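Counting along the sequence shown from 1, when you hit position 61 you're at 60 in numbering that gives the first Met the number 0, and nothing is skipped either side. Cβ coordinates follow ideal geometry from the N, Cα and C atoms, glycine included. Keep in mind that this is a model prediction, so the values were computed, not measured. First the structure, in the form of structure tokens, and then the observations on it.
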Amino acid sequence: MLLILSSAKTLVFDDFFIVPETKTVPIFKEDSNFLVNYIKTFSSKDLGQLLGVSESLATLNYQRFQSFDTAQKQAAILAYRGDVFKQLELDKFKDNDYLFAQEHLRIISGLYGILRPLDEISPYRLEMNTRLQTEKADILYKFWTEKVTQQLNNELEKHQTKILLNLASDEYSRIIKSEHFNYPILKVSFKEIRNSQLKTIGIMAKKSRGIMSNWVIKNKIDEPLKLKNYSGLGYHYDESLSNEQELVFIK
């Protein structure tokens with residue numbers, strides 16, 4: 000079973016956590032280098048318009064891309080610090096947890112396409128919905144969709160449990176071409192009862208995706224049926240709302 004998460008905009012490059020295993024090189028390094036070299040041709044103002052960010056963030060990311068090759072690198076699982084990744088209890092991770100994550104967790108990224116937890120990355124900002132027009136595609140979705148879909152197909156072929164557990168946001172998970180995907184995709188949703196209606200609360204859903212990912216890694220979960228035992232943040236599995244394509248947890 001492979002679990003997918005979305006990359007985060009918030010990154011931290013420090014030595015607070017150190018992975019015990021050898022860091023790895025991103026699978027699509029040449030493709031990400033192509034994107035970086037293209038983005039380097041943008042002025043700070045043009046980059047800000049492309050990313051839809053403030054002048055200060057545009058300047059920061061302009062500098063990041065210009066110094067990309069020499070920038071400090073960090074393992075992806077340590078660098079990302081968004082709401083999802085904050086829930087990974089890295090201070091409690093042991094060697095076998097990192098090894099399990101390396102085999103079973105994949106991170107979808109606008110710049111790198113797909114990342115393993117121990118892949119080294121440089122500081123950047125490039126969301127998957129960015130309308131970056133290159134000679135290869137007019138939007139990042141088109142640039143990455145076939146590559147990422149095929150890579151996940153190839154990896155799942157080697158797994159005993161051939162299921163993709165989707166804990167990524169819709170923005171990132173739709174990069175997978177379902178018509179070309181050879182294995183079942185199991186989406187996980189977290190909903191709350193508010194005013195007698197079931198609703199997805201954004202921040203709680205993000206935290207829950209991170210907590211479930213941590214739970215899967217720490218408990219070495221590789222069977223979909225065991226996911227029903229998850230109970231983080233007071234959520235519980237609801238059989239009546241779930242089906243073969245989606246597991247729904249409510250509270």
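For residue i, does the three-state DSSP call read helix, strand or coil?
i	result
aspartate 96	helix
lysine 190	strand
threonine 23	strand
leucine 4	strand
aspartate 90	helix
serine 108	strand
glycine 125	First, the amino acid is wrong: residue 125 is leucine here, not glycine. Note: leucine 125 maps to coil in three-state DSSP.
leucine 240	coil
valine 11	coil
glutamine 159	coil
leucine 131	coil
Determine whether the beta carbon atoms of residue i and residue j lie at a separation below 8 Å.
i	j	result
leucine 4	serine 212	yes
isoleucine 162	methionine 0	yes
lysine 44	alanine 57	yes
leucine 77	tyrosine 61	no
alanine 74	serine 121	no
arginine 208	valine 83	yes
Could you name the residues of the same chain whose beta carbon sits closer than 7 Å to that of residue i, not counting the 5 residues immediately before and after it, in chain order?
i	result
alanine 204	Phe189
leucine 155	Leu1, Lys161, Leu163 and Tyr182
lysine 72	Glu119, Ile120 and Ser121
Short of 6 Å in beta carbon distance, which residues of its chain neighbour residue i, apart from the five on each side in sequence? Order them along the chain.
i	result
isoleucine 106	Leu4, Ser6, Ala75 and Leu114
aspartate 221	Met0 and Thr160
threonine 9	Arg80 and Gly81
leucine 139	Gly109, Met127, Thr129 and Leu131
**Message:** So, does the stretch 143-150 touch the stretch 128-135, judging by three or more C-beta pairs under 8 Å?
**Reply:** Counting C-beta pairs with one atom in each stretch, the stretch 143-150 and the stretch 128-135 have fewer than three that are closer than 8 Å, which means they do not touch.
**Prompt:** Can we say the stretch 228-241 touches the stretch 30-42, given the rule of at least three CB pairs closer than 8 Å?
**Reply:** The way I'd put it, the stretch 228-241 doesn't touch the stretch 30-42; fewer than three beta-carbon pairs between them come closer than 8 Å.
**Message:** Can you confirm whether the stretch 44-60 touches the stretch 118-129 when touching is taken to mean that 3 or more C-beta pairs between the two stretches lie within less than 8 Å?
**Reply:** Between the stretch 118-129 and the stretch 44-60, the count of C-beta pairs closer than 8 Å reaches three or more; the two stretches touch.
**Item:** Stretch pair the stretch 61-74 + the stretch 173-182: three plus CB contacts closer than 8 Å
**Value:** Touching, no.
**Asked** In the stretch 17-83, which residue ranges form an unbroken alpha helix (DSSP H) of at least 4 residues, counting only runs that do not cross its ends?
**Response** The DSSP assignment places complete alpha helix (DSSP H) segments of no fewer than 4 residues inside the stretch 17-83 at 28-38, 43-50, 54-65 and 75-78, in order along the chain.
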